[in-house]
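J.:
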Amino acid sequence: FVGKKVVIVLDNAPAHNQTEERLEEVIAEHGDLELLRLGPYSPMINPIEGCFSVFKARVKAYLAEQRHRIFVQGAHLNMTEARISLLKDAATVPISCMNRHLVVAMALHCQRFVADALKMEDMEYGV
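Each residue of the sequence shown is one higher than the last, beginning at 1 in the UniProt record's numbering.
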């Protein structure tokens, strides 16, 4: 991203509480880095929320397709190991949906809501 402005979007997730403090020095060094903290309850203007939604849907679909594995021990030592293997696969296989195309699509989707917010129009979540 050399020569391009980078905007890090932060919502009110607890994991983001100390981000500004920890990155203060880095931001001071790099004029092309900016933190954008969103207001509470604004997932419609946060592109990562849409990406997570797509990913979670893929995980659920994968688990539905592989539900027979919940009750099959197979080559695993025990059922717990078999289920851990299924969950690891459920997190690994669908991750391919998280790509540049999805991120751009979600950013464009969010732009509509940002435009509405700038015009002080009401926004509906889930539209």
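By construction, the Cβ of each residue, glycine as well, lies at the ideal position given by its N, Cα and C atoms.
This one's a predicted model, so the numbers in the text were calculated from it and none came from an experiment.
What first and last residue would you give for the alpha helix (DSSP H) that runs through Glu-124?
T.: Unbroken run through Glu-124: none, as it is neither H nor E.
J.: Consult DSSP for Leu-33 and reduce its assignment to one of helix, strand or coil.
T.: Leu-33 falls in the strand class under three-state DSSP.
J.: Evaluate Phe-71 with the Cβ neighbour count: other Cβ atoms within 10 Å of its Cβ, from every protein chain shown; 16 or more gives buried, anything less gives exposed.
T.: Its Cβ having fewer than 16 others within 10 Å, Phe-71 is exposed.
J.: Who does Val-7 pair with in a DSSP beta bridge?
T.: In DSSP, Val-7 forms a bridge with Glu-34.
J.: Take Leu-23 and list the residues in its own chain whose beta-carbon comes closer than 7 Å to its own, dropping the five residues that flank it on each side.
T.: So the qualifying residues of the chain are Leu-35.
J.: Report the rounded CA-to-CA distance for Ile-27 versus Asp-116, giving the unit in angstroms.
T.: Approximately 29 Å between the Cα atoms of the pair.
J.: Contact defined as beta carbons within less than 8 Å: I believe Asn-46 pairs with Cys-110. What is the distance between those atoms, to the nearest angstrom?
T.: 7 Å between Cβ atoms; contact.
J.: Please report how far the alpha carbon of residue 167 lies from the alpha carbon of Leu-10, in whole angstroms.
T.: Residue 167 is absent from the structure shown; the chain starts at 1 and stops at 127.
J.: Are the beta-carbon atoms belonging to residue 129 and Met-123 less than 8 Å from one another?
T.: Since the first and last residues shown for the chain are 1 and 127, residue 129 lies out of range.
J.: What first and last residue would you give for the alpha helix (DSSP H) that runs through residue 177?
T.: Beyond the ends of the chain as shown, which are 1 and 127, falls residue 177; an answer cannot be given.
J.: Looking at C-alpha atoms only, which residue of Val-54, Arg-69, Ser-42 and Ile-84 is the closest neighbour of Ile-95?
T.: It is Val-54 whose Cα lies nearest to the Cα of Ile-95.
J.: Whose C-beta lies closer than 8 Å to the C-beta of Leu-86 among residues of the same chain, with five residues either side of it excluded?
T.: For Leu-86, where only same-chain residues beyond five positions count, the Cβ hits under 8 Å are Leu-63, Gln-66, Arg-69 and Ile-70.
J.: Counting along the chain, where does the alpha helix (DSSP H) carrying residue 160 start and finish?
T.: The first residue shown for the chain is 1 and the last is 127, placing residue 160 beyond what the model contains.
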